[in-house]
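Protein chains in written order, with the numbering used here: chain W, 1 to 381; chain E, 382 to 947. The beta-carbon is built from N, C-alpha and C at its ideal position, and this holds for glycine as well.
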């Protein structure tokens with residue numbers, strides 16, 4: 001990849017296209033992550049703790065043994081779904097911040113599917129529950145999508161509002177409707193044993209590695225499959241092309257005969273469906289009943305995952321692993337050190353800030369450095 | 382509804398509307414300038430934290446308020462630099478700031494005050510008091526209007542009046558000043574303003590500062606001033622919760638949106654009896670310790686002296702976990718690779734007289750984890766002191782432990798949990814009516830007990846049991862003071878109340894551990910069926926013979942639990 005004979009930069013605002021592709025794909029996120037890590041370390045020092053101890057505990061507890069991986073992959077599975085959800089909407093130029101609510105509704109879909117129909121085997125139950133989860137998640141995204149498409153209501157505001165409505169709806173459903181009589185816990189009854197999804201320690205082959213009970217389950221493979229499906233959809237189908245074209249420029253897409261209402265609706269339905277699918281992992285795979293606040297923040301983390309993953313399925317999977325590590329490592333921190341568990345929220349915030357919002361700063365920095373190398377090479381020649 | 386109730390309602394409406402009003406004004410400035418500030422939430426949190434902390438240190442509500450504004454200005458500045466100078470996406474930057482704030486506030490408050498991520502309660506001049514408007518008392522007898530003036534209009538903190546004054550000021554700034562015109566112009570058509578020679582970047586930056594920063598700051602300091610000014614984390618269970626101005630916080634970003642409307646939703650949550658459902662798993666009710674206070678008298682040095690004494694023998698390395706062993710579990714203590722210090726060598730430690738107990742403190746490695754194992758405990762029934770284990774737990778905390786696992790021998794009230802099985806405590810019932818925290822002087826005594834038995838530790842213990850192939854049911858443990866055993870009628874009553882097992886220990890230690898900020902989980906070995914549950918005669922001798930069966934299971938679970946943590 002050459003420089004095309006152009007000067008290294010013309011205007012600061014147009015620095016984007018001045019970096020070699022490898023630097024754009026790998027170096028920029030790497031530098032952003034390093035910056036986030038440095039600031040996190042400073043925060044740990046500032047509260048009087050040892051950053052080295054923190055990173056050791058995090059790494060030890062999340063990726064140095066099968067047990068830790070079992071949790072890291074479990075969290076990563078949820079984040080892949082919500083990250084893909086944000087990605088699809090993002091390509092249509094929509095910022096779906098409502099993954100949290102859509103995932104909670106997905107949980108409701110799973111619960112209703114599993115509680116009231118006696119499924120003979122977990123495979124069939126899994127298909128049905130997936131449909132239920134995706135349907136409920138998509139339905140929850142449909143209203144904001146419609147309001148955006150037809151009324152021009154800002155999708156960010158409506159999806160945020162729908163998170164609150166979802167939270168209240170779930171409390172109502174759990175407390176007044178689905179709570180088994182005689183129980184005080186705002187949760188549904190346990191799902192029938194036949195619907196139990198195999199965890200990694202129960203899957204032949206994998207159980208040689210995962211010897212103790214872990215929450216990671218077959219849903220992980222569904223998440224990976226969905227990443228492939230999303231890639232195919234966005235880059236190998238006509239619909240995906242339309243979504244991306246619409247996201248890049250609405251007037252151009254409109255001029256090309258793409259129906260904005262249709263694209264907004266479809267992109268948001270897919271996005272909501274993906275967020276809803278997350279419920280298979282945590283509700284069906286782990287809790288095996290529907291609890292309050294079932295999504296526990298994964299919907300929001302999906303935003304970070306998508307940003308970090310450059311809105312590409314491969315990036316999303318890698319970023320989800322990183323956030324799974326942060327999540328599990330952060331829990332270990334809270335358990336085994338004096339560093340409060342909230343540190344992981346700070347780290348997440350820094351990662352979003354640097355990878356999502358301060359992208360341009362890192363690029364500008366790198367472009368300067370690249371230009372420096374180039375000039376010195378020219379002088380040497 | 383009578384007139385007095387209506388007045389009361391209006392009065393609290395005004396008070397509760399103030400933070401919302403200020404946040405809305407902040408939003409108004411940014412919306413008018415064409416920016417959708419999703420980071421208001423984070424700015425408010427930071428403002429609340431700064432205001433609470435600085436007001437506490439300075440003793441002045443006004444200094445605190447300024448600090449609150451300052452804190453949120455810093456966040457506004459980061460937001461501005463990110464989205465204007467570096468042209469980052471303002472929504473993303475806002476989301477990032479919200480994450481950052483919800484973590485940083487807890488970290489900072491914890492590092493500064495060590496009270497579980499809260500700022501300390503404010504008193505005196507550190508709080509904004511109530512202003513009584515002129516003639517409020519004189520006009521009170523006037524029908525209808527008098528009480529309205531005295532009850533609703535008068536008697537708020539100065540911030541309430543300022544908030545309403547700012548509404549007028551905002552109108553003036555936006556519609557009657559050059560700055561306001563430019564600000565609105567930037568919002569409506571940035572290109573035109575750019576053409577007209579006004580710096581869009583500059584104006585947007587200026588708008589971020591007074592707009593979001595100032596009003597969000599006001600909101601934060603409102604929290605600090607009007608109520609007790611505590612940045613509070615954990616379930617909304619504080620007895621003082623009906624006061625306005627306590628910002629109830631939760632640890633994770635999930636429900637953080639709800640916090641935006643701090644007062645509004647707080648009211649909602651109060652009404653729900655299921656507040657704990659809102660709180661993310663793993664962080665419910667996790668509080669950190671108030672200052673270490675000795676068990677009796679005032680030798681502040683008690684715990685510290687003991688820690689020095691212990692470290693001289695065991696080495697300085699901190700322990701990760703504490704373990705208190707119940708009847709018949711002494712064996713595990715001897716497996717600890719380290720030192721054993723007799724309680725008799727530790728002044729203030731209980732004199733344990735029950736046979737079958739092992740009165741030593743073992744410190745060392747067990748399955749690779751550095752632990753402190755208390756071979757025996759003092760029960761309430763031994764000397765009538767429910768605080769007997771306070772000093773040992775303070776020592777444990779000072780040795781560096783964050784978590785505590787309690788074990789005990791208990792009688793089962795559930796036919797499906799027979800003698801020889803083990804039961805994980807999901808919760809407990811304090812049937813003794815005693816409490817080890819009676820007599821504590823500070824507000825720290827109001828320890829929330831929602832999820833007192835730590836969900837994360839319980840999960841880990843259950844996972845350990847699963848991988849050892851041991852059935853570990855969960856149940857509710859009832860603390861019966863002893864030393865006599867329960868009557869069959871009492872057992873029937875406890876069963877009706879929702880108990881699963883009954884015993885004479887553990888509960889005071891759970892309460893003390895939560896008070897000290899230790900995460901705690903407890904496991905019972907079931908040594909007998911409770912009275913009337915079967916025809917076995919209950920005796921201490923019987924307990925001692927049955928305990929080993931469950932004890933062997935418990936030891937395997939604990940070892941696997943420690944291995945998985947290694």
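Using only CA atoms, which one of the options lies nearest to residue i?
i	options	result
residue 174/W	306/W, 20/W, 112/W	112/W
residue 382/W	270/W, 208/W, 203/W	With chain W covering only 1 through 381, there is no way to say anything about residue 382/W.
residue 109/W	316/W, 274/W, 366/W, 356/W	274/W
residue 521/E	535/E, 511/E, 510/E	535/E
residue 133/W	208/W, 105/W, 153/W	105/W
residue 453/W	28/W, 65/W, 24/W	Since the first and last residues shown for chain W are 1 and 381, residue 453/W lies out of range.
residue 746/E	940/E, 764/E, 452/E	940/E
CA-CA distance, residue i and residue j?
i	j	result
residue 302/W	residue 33/W	17 Å
residue 386/E	residue 702/E	53 Å
residue 250/W	residue 300/W	26 Å
residue 364/W	residue 351/W	18 Å
residue 700/E	residue 773/E	14 Å
residue 919/E	residue 45/W	Only weak support exists for where residue 919/E lies, its pLDDT of 46 falling under 50; the value from the coordinates is given anyway. So the alpha carbons of these two residues sit roughly 56 Å apart.
residue 328/W	residue 542/E	47 Å
residue 469/E	residue 463/E	6 Å
residue 151/W	residue 144/W	10 Å
residue 36/W	residue 354/W	7 Å
residue 281/W	residue 730/E	48 Å
residue 689/E	residue 859/E	36 Å
residue 460/E	residue 492/E	25 Å
residue 831/E	residue 566/E	52 Å
residue 863/E	residue 801/E	22 Å
residue 448/E	residue 706/E	49 Å
residue 827/E	residue 833/E	13 Å
residue 409/E	residue 162/W	22 Å
residue 222/W	residue 272/W	16 Å
Along the chain, where does the beta strand (DSSP E) containing residue i start, and where does it finish?
i	result
residue 723/E	718-723
residue 909/E	900-910
residue 81/W	Not the beta strand (DSSP E): residue 81/W falls in the alpha helix (DSSP H), residues 66-91.
residue 861/E	That residue, residue 861/E, is in no beta strand (DSSP E); it is neither H nor E in DSSP.
residue 305/W	Element bounds for residue 305/W: not the beta strand (DSSP E) but the alpha helix (DSSP H), 298-308.
residue 804/E	803-811
Find the residues of chain W that neighbour residue i, judging by a C-beta separation of less than 9 Å, and give them in chain order.
i	result
residue 783/E	334, 335, 336, 337, 338
residue 498/E	340, 342
residue 417/E	154, 156, 157
Would you mind telling me which residues of chain E sit closer than 8 Å to residue i, beta carbon to beta carbon, in chain order?
i	result
residue 328/W	The premise fails here: residue 328/W is roughly 11 Å from chain E at the closest Cβ pair, so nothing lies under 8 Å.
Is residue i close to chain E? Criterion is C-beta to C-beta, closer than 8 Å.
i	result
residue 348/W	yes
residue 162/W	no
residue 379/W	no
residue 10/W	With a pLDDT of 35 at residue 10/W, under the threshold of 50, the predicted position of this residue should be treated as unreliable, and no value is reported.
residue 139/W	no
residue 220/W	no
Identify the contact partners of residue i in chain E, using a Cβ-Cβ distance below 7 Å as the criterion.
i	result
residue 32/W	Chain E residues near residue 32/W: none, gap ~11 Å exceeds 7 Å.
residue 203/W	Going along chain E, no residue has its Cβ under 7 Å from residue 203/W, so there is no contact; the nearest lies around 15 Å.
Using a cut-off of 7 Å between C-beta atoms, extract the partners of residue i located in chain W.
i	result
residue 945/E	67, 212
residue 487/E	340, 342
residue 476/E	303, 352
residue 472/E	95, 156
residue 837/E	331, 335
Looking at the C-beta of residue i, does it have a partner C-beta in chain W at a distance below 8 Å?
i	result
residue 480/E	yes
residue 779/E	no
residue 484/E	yes
residue 491/E	yes
List the endpoints of the continuous alpha helix (DSSP H) containing residue i.
i	result
residue 457/E	442-461
residue 266/W	260-279
residue 788/E	Here residue 788/E belongs to no alpha helix (DSSP H); instead the beta strand (DSSP E) covers 784-793.
residue 755/E	From DSSP, residue 755/E is part of no alpha helix (DSSP H) but of the beta strand (DSSP E) over 750-755.
Which bits of chain E does residue i rub up against, with CB to CB less than 9 Å?
i	result
residue 79/W	Within chain E, no residue comes near residue 79/W; the closest Cβ sits about 13 Å away, beyond 9 Å.
Could you check if residue i belongs to the surroundings of the ligand MN, using beta carbon to heavy atom distance under 7 Å?
i	result
residue 486/E	Inclusion of the ligand MN in the displayed structure is not the case, the ligand content being empty and no account of it being possible.
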